[in-house]
Amino acid sequence: MTSYSGFAYIYDELMTDIPYDEYVEWVRLHAPAKDYPHVLDIGCGTGTMSMKFDDAGYQVSGIDISEDMLAMAQARTEGAGKSIPYFAMSMDELDGFEHIDVAVIPIDSINYVIEETAVYETLKRVYEALREGGQLFFDVHSLYKMNAIFLDGPFTYDDGHVTYIWHTEPGEYEHSVYHQMTFFVEGEQENWFERFDEEHFQRSFAPAQYETWLKEIGFSHVEITADWLLEPPTDTSERVFIRAVK
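One rule links them: number in the working numbering = place in the sequence shown (from 1) + 243.
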């Protein structure tokens with residue numbers, strides 16, 4: 244799994260197009276805070292989603308594998324006068340939580356879990372942490388995005404402050420992608436940029452496979468939609484959303 248080292252410090256700037264509020268509304272639609280008060284944000288990153296759930300009236304805890312990300316989340320949370328506990332933990336080693344009302348694994352975080360056994364273990368540990376009737380919400384890259392869109396690179400970005408060159412190639416496993424990114428971030432001195440490189444690996448599975456695992460683990464209901472819509476995935480959907488009830 245990727246730990247996001249230098250990437251942590253520009254993550255928020257590159258994620259401004261993510262409709263975080265729509266994610267919160269998706270959860271609120273099925274699990275309103277008055278009935279499902281405690282949210283566990285798995286792969287919480289810099290805390291953006293955690294704080295939005297807090298604003299929506301939930302009690303929130305967050306975990307992430309990256310201590311750099313968590314440090315930023317903690318600083319942001321304290322700066323906003325909020326109190327959200329964050330824990331450094333790999334999602335496939337989730338431990339210490341029980342009777343959770345809602346678990347979320349947002350913004351394709353679970354795609355960074357590469358080994359099939361680790362994906363299954365993640366879902367199993369979430370199941371064990373949820374109370375009866377608790378719900379899991381997560382999203383993944385579609386196979387179309389993994390096999391077609393991601394491999395149609397390279398990609399570039401330049402906003403004057405951050406520039407990156409993003410190369411992709413097929414990963415070791417079926418439906419996996421190796422991302423190699425070179426960043427140039429503007430420094431304090433004029434016309435001076437700091438360079439750093441990141442390697443990320445992602446892997447996805449067919450929606451039917453996730454559904455099979457979830458039901459095998461014990462979830463009683465699984466609902467699959469796509470692309471921020473409450474409609475089933477199509478052959479060209481890019482992001483798949485999965486809700487499962489214990």
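By construction, the Cβ of each residue, glycine as well, lies at the ideal position given by its N, Cα and C atoms.
Query raised in the report: How many angstroms separate the CA atom of Leu337 from the CA atom of Val362?
Result: Answer to the nearest angstrom: the Cα atoms are 12 Å apart.
For this session: May I have the straight-line CA-CA distance separating Ser480 from Asp470, to the nearest angstrom?
Result: The straight-line gap from Cα to Cα measures roughly 6 Å.
**Asked** How about Tyr407 and Phe426: are their beta carbons less than 7 Å apart?
**Response** Inclusion of Tyr407 and Phe426 in the CB contact set at 7 Å is warranted, their separation being smaller than that value.
Point to revise | Interface flag, Phe296 vs chain B, CB-CB below 7 Å | key: This model lacks chain B altogether, as it is built from one protein chain only.
Rounded straight-line distance, which links the Cα of Leu283 to that of Thr455: Rounded to whole angstroms, the gap between the alpha carbons of Thr455 and Leu283 is 23 Å.
Q. Using the beta-carbon count (16 or more within 10 Å), is Ala372 buried or exposed?
A. Buried is the call here.
Practice problem: Reducing DSSP to helix, strand and coil, say where Phe436 ends up. | Solution: Here Phe436 sits in strand by DSSP.
Query raised in the report: Should Tyr301 be labelled buried (16 or more other beta-carbon atoms within 10 Å of its own) or exposed?
Result: By the Cβ-count criterion, Tyr301 is buried, with 16 or more other Cβ atoms from all chains shown falling within 10 Å of its own Cβ.
May I have a chain-ordered list of the beta strand (DSSP E) segments no shorter than 3 residues that lie completely inside the region 316-384?
Fully enclosed beta strand (DSSP E) runs of no fewer than 3 residues occupy 329-331, 343-348 and 373-384 of the region 316-384, in order along the chain.
Self-check item: For His273, the first and last residue of its enclosing alpha helix (DSSP H)
Solution: Tyr263 to His273 is the span of the alpha helix (DSSP H), which, as asked, contains His273.
Taking the C-alpha atoms as reference points, what is the distance between His404 and Gly339? Distance between the alpha carbons of His404 and Gly339 is about 40 Å.
- Is the region 443-453 close to the region 412-426, with three or more CB pairs under 8 Å? Contact holds: three or more Cβ-Cβ distances are below 8 Å.
Proximity below 7 Å, CB of Met315 to CB of Thr291: With respect to Thr291, Met315 sits apart: the two C-beta atoms are not nearer than 7 Å.
Among Pro328, Glu321 and Phe296, the one whose alpha carbon lies nearest that of Ile306:
The option with the nearest alpha carbon to Ile306 is Pro328.
Decide if Asp402 is buried, meaning its Cβ has at least 16 other Cβ atoms within 10 Å, or exposed. With fewer than 16 other Cβ atoms from the protein chains shown falling within 10 Å of its own Cβ, Asp402 counts as exposed.
(message) Within the continuous alpha helix (DSSP H) that includes Tyr279, where are the two ends?
(response) If you look at Tyr279, you'll find it isn't in any alpha helix (DSSP H); DSSP assigns it neither H nor E.
#### Entry: The beta strand (DSSP E) enclosing Ser293, as first and last residue numbers
Ser293 -> not in any beta strand (DSSP E); alpha helix (DSSP H) instead, spanning Thr291 to Asp298.
Query raised in the report: Going along the chain, which unbroken runs of the alpha helix (DSSP H) with 4 or more residues stay wholly within the region 420-479?
Result: The alpha helix (DSSP H) runs of length 4 or more contained entirely in the region 420-479 are, from start to end of the chain, 450-460.
Rounded to whole angstroms, what's the CA-CA distance from Pro413 to Thr477? Just pull it up for me.
-> The straight-line gap from Cα to Cα measures roughly 22 Å.
- Buried versus exposed, by CB contacts within 10 Å (16 or more), Phe484: Per the 10 Å Cβ criterion, buried.
Just to confirm before moving on: does the CB-CB distance between Ile460 and Leu366 stay below 7 Å? Taking 7 Å as the Cβ cut-off, Ile460 and Leu366 qualify as a contacting pair.
Report task. With a threshold of 16 other CB atoms inside 10 Å of the CB of His464, please say whether the residue is buried or exposed. Result -> Classification of His464: exposed, given that the 10 Å Cβ count is below 16.
Spatial distance of Glu429 from Gly376 (CA atoms)
Cα-Cα distance, rounded: 48 Å.
Excluding sequence positions up to five away, which residues of its chain have a Cβ less than 6 Å from the Cβ of Arg193?
This structure gives no information on residue 193, because the portion of the chain shown stretches from 244 to 489.
Check: Helix, strand or coil: which one does DSSP assign to Pro311?
Finding: Position check: residue 311 holds Asp in this sequence, whereas Pro was assumed. Here Asp311 sits in helix by DSSP.
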